[in-house]
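Protein chains in written order, with the numbering used here: chain A, 4 to 81; chain B, -18 to 556. Don't be surprised by glycine CBs; every beta carbon is placed ideally from N, CA and C. This report concerns only the one structure given below.
In structure tokens form, the structure reads like this:
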């Protein structure tokens, strides 16, 4: 499955939001459900799905679909 | 799905536990409704009687106190605490938790309070110094956990979940995720959250007694290495070394399961003699015949065997766990009997014990052992013995057939009259009327055309018994005959000989109606119900006799099929 599509699916599932609301330009600010704790749950889900681990400083910055996809692709490449 | 109201309070952030905990509860058939306490608010939430915790009315309260929070000061600077100070701190923390648990018991008497054992990261500043110096961290934790055990014994609503052991099992490095702590004050990694959710959910099931009750085991390559029917007993891998030892330790763990009140049963495709030989005689077997509450060793399909096992043990199919090394059998049973739990089973026998322990932690979670648990195995054993002795049609029939009984039935003649008279004088137990006759009287009755005197001779597998039965019939009316005398030597009681004897004699006199007389004595209680059993109905009774009647057109008498019967032709009665 395409990384973008997978990330969108995980975000939708974690937030409990319909997939239609999650598009490539979506960011945390667009979703009231996407609070700091839900963000951590999302990070854990992404890490489990792609077998990667983000650094402490990175985690707070992963606040949009685009940033998550980029970070995942960087990790999976290296 | 059972609704369940759950409350979660903690010394640290507990929100991240909700999602995996909900999933674990749903997988066990619960529909949870959560109430989550505010961060660091657990004391206030519990002590304030107006708190929304109480209006939520939970049946399960998780109060999670992390070791890192309880012992924060000591962890920061262990060198500032003497042994006494550490002990005091631990007791104070435990006392604090105890007071909270008591308040909860008072205000929510129906709720279970789940408290956790504390753990601290084994990688800390006192590595090397712990146990070798006056400084310590682990001793404080140990005092606290010991107090929790005492609390659990004192308060009925408290259940201790050994989170310290859980963390050790997962490995502290996998348990902690420092990023979660720094970002959200959450003490767990994703793996820890999963393990914790599962363990709490299993604890709740254990508390409610929602656990499985019986492990049904395959034999070949499950309880021992090899296939007894092909390899033979001596070639089986079961012993003190190597792979044989793996099976032994697996059996030892099953024995412990039995000691906790879980039943063990067998379901194996084998010749019963081969399989039972191993169970009875193999020196390395730890499980013997008496450890199994029920046994199905045959060539029939396992799903029907499991159904009949459940019925015999009088438990539901959803109380069974089936263990089999063969993936095809597992797959078949899962499909055919979906209520039975059929876990995946490891290929390597070296992993059997671990697999059983993991299964046990999930499906046989016990929080206490009752006297009934301890005795359950024996109770089933006794019942099984009783069933073997008790009347069951199939086994009795086999018994009768096995006796190879051959009956000769004939009319009285000069040759047999002495013995007939003797039996009427001697026989007391199987004697319906206890009429005593001399030889002369028998001769006279025999000569009467309206009477018939019959004798019965029995030979069986063990040899001849001679004449052991007498039947005297007297005509009462044109189609009715009355049973004047009906007796059997006590040697041949309990073998349905009487059924055959009466059926044959009655055919010979061509009766349509039969009247049976019963005269009770101190000794003939064994035949009190005989006429009733044969299908007669009571006509009339007085204090010293009963008259029973049988309409032979409606209830024909048939000799049972396990006798060989020879009718000896009527001889001439010498005058």
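Check for me: the beta strand (DSSP E) holding residue 557 (chain B) runs from which residue to which? A query on residue 557 (chain B) cannot be resolved here, the shown segment of chain B reaching from -18 to 556 and no further.
Mark residue 556 (chain B) as exposed unless 16 or more other C-beta atoms lie within 10 angstroms of its C-beta, in which case mark it buried. With a pLDDT of only 38 at residue 556 (chain B), under 50, the local geometry of the prediction cannot be trusted, and no value is derived from it.
Please list, in chain order, all residues of the same chain as residue 532 (chain B) whose beta carbon is under 7 Å from its beta carbon, the five residues on each side excluded. 494
Considering only C-alpha positions, which residue in the set B:30, B:331, B:277 and B:417 is nearest to residue 224 (chain B)? B:331
Backbone secondary structure at residue -17 (chain B) - three-state DSSP: strand
Just the Cα atoms here: how many angstroms apart are residue 140 (chain B) and residue 149 (chain B)? The alpha-carbon separation between residue 140 (chain B) and residue 149 (chain B) amounts to approximately 20 Å.
Can you list the residues of chain B that residue 51 (chain A) reaches, using a CB-CB cut of under 7 Å? 171
Which residues in the same chain as residue 144 (chain B) place their Cβ atom closer than 6 Å to its Cβ, once the five residues preceding and following it in sequence are excluded? 97 and 98
Could you check which residue in B:34, B:377, B:113 and B:489 has the C-alpha nearest to that of residue 64 (chain B)? B:113
Residue 343 (chain B), enclosing alpha helix (DSSP H) - first and last residue: Residue 343 (chain B): member of the alpha helix (DSSP H) spanning 333 to 344, first to last residue.
Would you say residue 13 (chain A) reaches chain B, if we count a Cβ-Cβ gap shorter than 8 Å as a contact? no
Count the other C-beta atoms from every protein chain shown that fall within 10 angstroms of the C-beta of residue 431 (chain B), then say buried if there are 16 or more, exposed otherwise. exposed
Pair within 8 Å by beta-carbon distance, residue 313 (chain B) and residue 284 (chain B): yes
What are the boundary residues of the alpha helix (DSSP H) that residue 161 (chain B) is part of? Following the DSSP letters along the chain, one finds residue 161 (chain B) inside the alpha helix (DSSP H) bounded by residues 159 to 165.
Do residue 176 (chain B) and residue 129 (chain B) have their C-beta atoms within less than 8 Å of each other? no
Members of the region 6 to 40 of chain A near chain B, C-beta cut-off 8 Å: 39 and 40
Compare the C-alpha of residue 60 (chain A) against each of B:163, B:156 and B:548 and name the closest. B:163
Any idea what DSSP makes of residue 555 (chain B), helix, strand or coil? Unreliable positioning characterises residue 555 (chain B) in this predicted model, as indicated by a pLDDT of 41, which lies under 50. The coordinate reading is nonetheless provided below. In the structure shown, residue 555 (chain B) sits in coil (DSSP, three-state: anything other than H, G, I, E or B).
Presumed contact (8 Å Cβ cut-off) between residue 198 (chain B) and residue 189 (chain B), rounded CB distance: Not confirmed; about 26 Å, so no contact.
Measuring only between beta-carbons, confirm whether residue 71 (chain A) sits less than 8 Å from chain B. no
Would residue 44 (chain A) pass as an interface residue toward chain B - the criterion being a Cβ-Cβ separation below 8 Å? Judged by the 8 Å Cβ criterion, residue 44 (chain A) is in contact with chain B.
Should residue 481 (chain B) and residue 540 (chain B) be called a contact, given that it needs their Cβ atoms to be closer than 8 Å? Yes, Cβ-Cβ distance for residue 481 (chain B) and residue 540 (chain B) is below 8 Å.
Partner residues on chain B for residue 59 (chain A), Cβ-Cβ distance less than 8 Å: 159, 160, 163 and 164
When the distance is taken between beta carbons, is residue 173 (chain B) closer than 8 Å to residue 2 (chain B)? no
Any idea if residue 83 (chain A) is buried or exposed, counting beta-carbon neighbours within 10 angstroms, 16 or more meaning buried? Coverage of chain A is limited to positions 4 through 81, which leaves residue 83 (chain A) absent and any answer about it impossible.
Measuring straight from C-alpha to C-alpha, what distance separates residue 363 (chain B) and residue 262 (chain B)? For residue 363 (chain B) and residue 262 (chain B), the distance between alpha carbons rounds to 22 Å.
Contact between the region 408 to 422 of chain B and the region 382 to 396 of chain B is defined here as three or more beta-carbon pairs at a separation below 8 Å; is this criterion met? Segments in contact, no.
Buried or exposed: where does residue 107 (chain B) fall if 16 or more other Cβ atoms within 10 Å of its Cβ makes it buried? buried
Quick check on the DSSP output: what are the complete alpha helix (DSSP H) runs of length 4 or more inside the region 196 to 228 of chain B, in order along the chain? Look at the region 196 to 228 of chain B and you find these whole runs of alpha helix (DSSP H), each 4 residues long or longer: 209 to 212.
Starting from the C-beta of residue 299 (chain B), find all residues in its chain whose C-beta is less than 6 Å away, skip the five residues before and the five after it, and write them out in chain order. 320
Partners in chain A for residue -3 (chain B), counting only beta-carbon separations shorter than 7 Å: The contact set of residue -3 (chain B) on chain A, defined by CB atoms closer than 7 Å, consists of 40, 43 and 44 in chain order.
Taking the CB atoms as reference points, tell me whether residue 122 (chain B) and residue 60 (chain B) lie closer together than 8 Å. no
Look up residue 374 (chain B) in the DSSP assignment and say whether it is helix, strand or coil. Because residue 374 (chain B) carries a pLDDT of 44, less than 50, the predicted location of this residue cannot be relied on, and the following value inherits that uncertainty. Correct three-state label for residue 374 (chain B): helix.
For residue 59 (chain A), the first and last residue of its enclosing alpha helix (DSSP H): 59 to 64
Is any beta-carbon of chain A found at less than 8 Å from that of residue 0 (chain B)? yes
Distance between residue 337 (chain B) and residue 326 (chain B) (C-alpha atoms, nearest Å): Distance between the alpha carbons of residue 326 (chain B) and residue 337 (chain B): 9 Å.
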